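Enquirer:
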Amino acid sequence: LRQIQTEAIENSKVQDWLWTITQEYGPRLTSSKLLDRAQEWAVKEFEEMGLEVELEQWGTFPMGFDRGPSYGKIVSPVEKELVFQTTAWSMGTEGPKRGPAIAEPQTAEELEAVKDKLVGAWVVRRVERPDRKVRREFDKLCRETAILGTLRAGPENDLLVTSGNHMVNVGDLSKDVKIQVLRGQLADLVELCDSSEEPVELEFDLDHQFTKGPIPLYNVVATLRGTEFPDEYVFVQAHIDAWDGAEGACDNGTGTSTALEAARILSGLEVKPRRSI
């Protein structure tokens with residue numbers, strides 16, 4: 002036990018594991034190619050420790066999703082980068098799309114004024130939604146018109162939350178491009194649309210890539226075989242996948258790193274457990 006403690010404190014590699022998994026393999030969304038690469042890396046690391054390793058399939062997803070480089074900005078009358086997120090397994094833009102920004106109308110008169118301007122436009126939803134009747138009619142217009150997409154405000158804490166529905170197929174995908182912008186930025190954008198004498202123009206390029214499934218999904222299973230009760234197991238575990246809105250550090254690079262570190266220490270010290278770990 003003292004050897005284990007000394008190795009963990011004096012020769013810790015846990016930050017190295019965490020740096021690698023977040024900076025080299027980043028957002029490891031389930032069904033993505035980056036998760037495949039991260040799992041191949043984990044297999045290699047376990048093998049170098051001398052452990053028994055296998056990729057154990059646990060299921061499939063209907064479709065794979067990979068998020069490429071994306072950007073969004075106000076082009077005019079001022080140029081400003083926007084901080085935003087889109088849900089996983091949702092449509093991208095298939096290249097940069099530039100168009101006027103149309104703020105959600107609040108009255109019947111405003112609705113009448115914008116209804117012929119929606120084709121090829123980015124629709125900016127207000128933080129405070131307008132009258133229900135106006136909103137319903139405007140929503141119908143947006144569904145029936147070839148708009149570029151819709152911008153909505155993020156949560157009140159001015160953060161962005163990543164999510165997505167993986168139970169989709171290519172043919173079932175909604176064609177709507179939906180973007181969640183930081184609440185403060187969205188409010189500023191609405192104000193700009195309301196007050197600017199010049200047209201407000203936006204541009205987004207969302208690189209969303211789909212792989213037709215079913216996509217096989219795996220657990221990385223490494224075993225330090227027990228000496229006395231090899232068919233009894235102690236599990237040290239973490240999920241290596243991560244939502245793709247960030248680098249997957251807390252959720253769950255930290256757990257993955259400590260699981261790898263536990264394996265490194267026990268195998269490196271040639272610990273002989275009675276049960277398999």
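Each step along the sequence shown adds one to the number in the numbering used here, with nothing skipped, and position 157 is 158.
Even for Gly, the Cβ is constructed at its ideal location relative to N, Cα and C.
Only a predicted model underlies this, so the values are computations on that prediction, with no experimental measurement involved.
#1: In the region 155 to 230, which residue ranges form an unbroken alpha helix (DSSP H) of at least 4 residues, counting only runs that do not cross its ends?
#2: Do the CB positions of tryptophan 123 and glycine 155 come within less than 7 Å of each other?
#3: For leucine 183, which option in Met168, Asn166, Thr87, Val272 has the closest C-alpha, if you only look at C-alpha atoms?
#4: When you compare each of Arg144, Val115, Ala109, Glu113 to aspartate 132 by their alpha carbons, which one comes out closest?
#5: Would you mind sorting aspartate 177 into buried or exposed? The rule is 16 or more other CB atoms within 10 Å of its CB.
#6: Counting only runs that start and end within the region 40 to 123, where is the beta strand (DSSP E) found for 3 or more residues in a row?
#7: Going by C-alpha distance, which of Arg275, Leu149, Ala43 is nearest valine 120?
#8: Kindly give me the distance between the Cβ atoms of alanine 239 and glycine 256, rounded to whole angstroms, as I take these residues to be in contact under 8 Å.
#9: What are the boundary residues of the alpha helix (DSSP H) that includes isoleucine 278?
#10: Could you have a look at glycine 150 and say whether DSSP puts it in helix, strand or coil?
#11: Suppose the cutoff is 8 Å on Cβ atoms and the five residues either side in sequence are ignored; what does the same chain contact list for alanine 188 look like?
#12: Could you check whether glutamate 204 and proline 97 sit closer than 7 Å to each other, using their CB atoms as the reference points?
Expert: On the basis of the data shown:
#1: 184 to 196
#2: no
#3: Thr87
#4: Ala109
#5: Aspartate 177 is classed as exposed because its beta carbon has fewer than 16 other beta carbons within 10 Å across all chains shown.
#6: 53 to 77, 98 to 104
#7: Leu149
#8: 3 Å
#9: That residue, isoleucine 278, is in no alpha helix (DSSP H); it is neither H nor E in DSSP.
#10: Glycine 150 sits in a strand when the DSSP states are folded into three classes.
#11: Excluding its 5 nearest sequence neighbours in each direction, alanine 188 has C-beta neighbours in its own chain below 8 Å: Val128, Ala154, listed in chain order.
#12: Yes, these two residues count as a Cβ contact at 7 Å.
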